[in-house]
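Here is the structure we will look at, set down as structure tokens.
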DNA sequence: GCCGTTTTCGGCCCGACTGTTTTCAGTCG
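Residue numbers (the numbering used here): 156 to 730.
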């Protein structure tokens, strides 16, 4: 059992206890313990007895004993007993928007309903409207929620959400009564997938803002409409929340609506300890109703004794205590990039020619690109035979003579074969400036087999970089089973760079592991995995995720200039 | 169930909106 699994059990216990109608504070205690486990900086094996766990804030005697038992036996006995006492369909019902534990409980107790399907049928038969606390409207909302649940899994890729958010932003920013406007929420924090879009506006005329907002052409229906808070759902199913506040409240609201929820809870706890109350309207001395006048988020953090915490870090994963002790890292920016690697051309499954990419990169002010088409086994992607490798290398050599101020690094994305070998013999591999190694086949290996396979490829002296390390496709496919800690250790040992694949359907390596990797001294390369010119824009998403992984420019391969990159590539080439 | 620089008992983050009520519970973020 690992930390993630253990945290998952604790989280689910909290949910199950809520459904049972347990003490809400007790439920919360399990939820807090889940977060504490997730954020442990030592492996579970370092905790030998309940006493060790009790040292962790948020874990007390009772939960510590349950955890140690689970870790030792591999079975979470308490979880199993709670789970078996509740029909599993009730948990599924919680996913319906507008349905919480109390209402699910009521439906179950009074109507004996314990699946989403039955619930839908009961709504259509008008059986919910007479329950206490329910009515016609509640019943309709539940039906709509079920429809929505069926239609989509309720999350969206970040590039799509950013695009939509920008459309609303551009529309509202034109209104003269808007004094400040920001895209907040998980987009601002750069989460890899997005549930909904949060917009924040300060204005003296909220009604004007709100009526413009709800009449936007992308809007399908209005979920709620109040004086300051409005939610709409778009045709694509994504929902957009708008809050309108005064200019004095704006920095506090921006902080609040940027989240994360866990970060906010921790911040309010900190404020409380220091004798303040913090909410979306201000920062108040105890017993005062007058907010302290602060103009920016920076000032709020400062008032609470903290360095400014960039939005990407606000996940309650150690950023608050880090900001308390010393200045936070100076995170990488788009302007820090000097070039990108992992680009596919018309030689394999990309569309543009090498030269088109050169022009595109030069326009961005970059000094180099690294071409890496698919290797010969990737027949589905028109992988390069040895002859075509040589042909491309000749072409790149010519282009390098033609564009003296620019550099094209010659590379390949070599399949990692099932046994961990690379996809060309040494005589071909030695022609490249760099080699990206990636898994494109046989995804279903066991964790041990897959980990060994990849580590073997990383040990190859010609390997420069590990491509899309987990193979996940966001909202579509989980990554292959892998021991990522071992992979990161192997990268550190073998001087292998790990790719942060910036394609929005991948965003792989996951930001939670990026932080771990850079802490171990592994270099990260922000790669667009481009197949067309527009994909070069993915670099910006990659930078966002790198920031989320606490990366500074010094942690990123493609923040180095040409001669520094050459040194790194030579070093990894010679092993 | 957890926690403690007022506390080993009595709190536990906080507010908007909706739909149900006729002052409030539930849900959500």
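Cβ coordinates follow ideal geometry from the N, Cα and C atoms, glycine included.
With hydrogens ignored, establish whether the beta-carbon of residue 385 is closer than 8 Å to any heavy atom of the ligand NAD.
In the structure shown, the ligand NAD is absent, as is every other ligand, since no ligand is present at all.
Write down every uninterrupted run of the beta strand (DSSP E) in the segment 408 to 443 whose length is 3 residues or greater and which is fully enclosed by it, in chain order. 431 to 434, 437 to 440
Open item on the list: Counting C-beta neighbours from all protein chains within 10 Å, is the total for residue 172 16 or more, i.e. buried, or is it exposed?
Closed with: buried
Beta-bridge partners of residue 131, as assigned by DSSP:
A query on residue 131 cannot be resolved here, the shown segment of the chain reaching from 156 to 730 and no further.
Looking at the unbroken alpha helix (DSSP H) that takes in residue 472, where does it start and where does it end? Note, residue 472: premise wrong, no alpha helix (DSSP H); not H, not E.
### Task
Within its chain, find whatever has a CB closer than 6 Å to the CB of residue 262; leave out the 5 residues flanking it on each side and keep chain order.
268
Practice problem: Determine the direct distance from the alpha carbon of residue 655 to that of residue 483, and round the result to whole angstroms. | Solution: 22 Å
* Quick one: residues in its chain with C-beta nearer than 8 Å to the C-beta of residue 724, no 5 flanking neighbours on either side, listed in chain order? => 564, 588, 589, 619
query = residue 493 and residue 714 look like a contact to me (Cβ under 8 Å); what is the Cβ gap, rounded to whole Å?
reply = 6 Å
(message) If you follow the beta strand (DSSP E) that residue 562 is in, where does it begin and where does it stop?
(response) Taken as a continuous stretch (DSSP letters only), the beta strand (DSSP E) holding residue 562 covers 562 to 570.
task = Alpha carbon to alpha carbon, how far is residue 164 from residue 175? Give it in angstroms, no decimals.
result = 16 Å
- Item | Secondary structure, alpha helix (DSSP H): runs of 4+ residues fully inside the segment 218 to 303 | The DSSP assignment places complete alpha helix (DSSP H) segments of no fewer than 4 residues inside the segment 218 to 303 at 232 to 239, 243 to 248, 256 to 266, 271 to 279, in order along the chain.
message = Rounding to the nearest angstrom, what Cα-Cα distance links residue 730 and residue 617 in this structure?
response = Because residue 730 carries a pLDDT of 45, less than 50, the predicted location of this residue cannot be relied on, and no value is offered for it.
Comparing alpha-carbon positions, which option in 644, 546, 636 lies nearest residue 583?
-> 546
Practice prompt. Would you kindly report the start and end of the unbroken beta strand (DSSP E) that includes residue 172?
Written response: Per DSSP, residue 172 lies in no beta strand (DSSP E) segment; the continuous alpha helix (DSSP H) that holds it begins and ends at 158 to 175.
ask   = What are the complete beta strand (DSSP E) segments, minimum 3 residues, inside the segment 576 to 629?
value = Runs found: 589 to 593.
Q: Label residue 180 either buried or exposed according to how many other C-beta atoms from any shown protein chain fall within 10 Å of its C-beta, with 16 as the threshold for buried.
A: By the 16-neighbour rule on beta-carbons within 10 angstroms, residue 180 is exposed.
* Three-state class that DSSP yields for residue 326 in the structure shown -> Judged by DSSP in its simplified three-state form, residue 326 adopts helix.
Close-in-space but distant-in-sequence residues of the same chain around residue 607 (CB under 8 Å, 5 per side omitted): Here the set comprises 575.
Taking 9 Å as the cut-off, decide whether the C-beta atoms of residue 254 and residue 266 are in contact. no
Exercise for review: Decide if residue 466 is buried, meaning its Cβ has at least 16 other Cβ atoms within 10 Å, or exposed.
Suggested key: buried
* Asked: Under three-state DSSP, which class holds residue 652?
  -> strand
Hey, which unbroken runs of the beta strand (DSSP E) at 3 residues or more fall wholly within the segment 377 to 411?
-> 384 to 389, 394 to 400
**Q.** Option nearest residue 337 by Cα separation, candidates 303, 391, 360, 411
**A.** Distance check between residue 337 and each of 303, 391, 360, 411 places 411 closest, using alpha-carbon atoms only.
ask   = For the candidate residues 161, 686, 409, 577, whose alpha-carbon lies nearest to that of residue 453?
value = Here the closest residue by C-alpha is 409.
**Request:** To the nearest angstrom, report how far apart residue 205 and residue 230 are at their CA atoms.
**Result:** 16 Å
Self-check item: Spatial distance of residue 278 from residue 379 (CA atoms)
Solution: 21 Å
What residues in its chain sit with their C-beta under 6 Å from that of residue 404, if we drop five residues either side in the sequence? 436
Residues near residue 238 by beta carbon distance below 7 Å, same chain, minus five either side:
171
Discussion item. Tell me the residue span of the alpha helix (DSSP H) that contains residue 458.
Written reply: 452 to 458
In the DSSP assignment, find the alpha helix (DSSP H) that holds residue 497 and state where it starts and stops.
Unbroken run through residue 497 is the beta strand (DSSP E), 494 to 498; no alpha helix (DSSP H).
> Which first and last residues belong to the beta strand (DSSP E) in which residue 514 is found?
Replying inline: From DSSP, residue 514 is part of no beta strand (DSSP E) but of the alpha helix (DSSP H) over 509 to 518.
Whole-angstrom Cβ separation of residue 503 and residue 537, contact assumed at under 8 Å? 5 Å
Candidates 222, 158, 377: which alpha carbon is nearest residue 197's?
158
Fill in: Of the residues 449, 432, 193, the one placed nearest residue 443, counting alpha carbons only
432
Do residue 629 and residue 347 come within 9 Å of each other at the CB atom, strictly closer than that value?
yes
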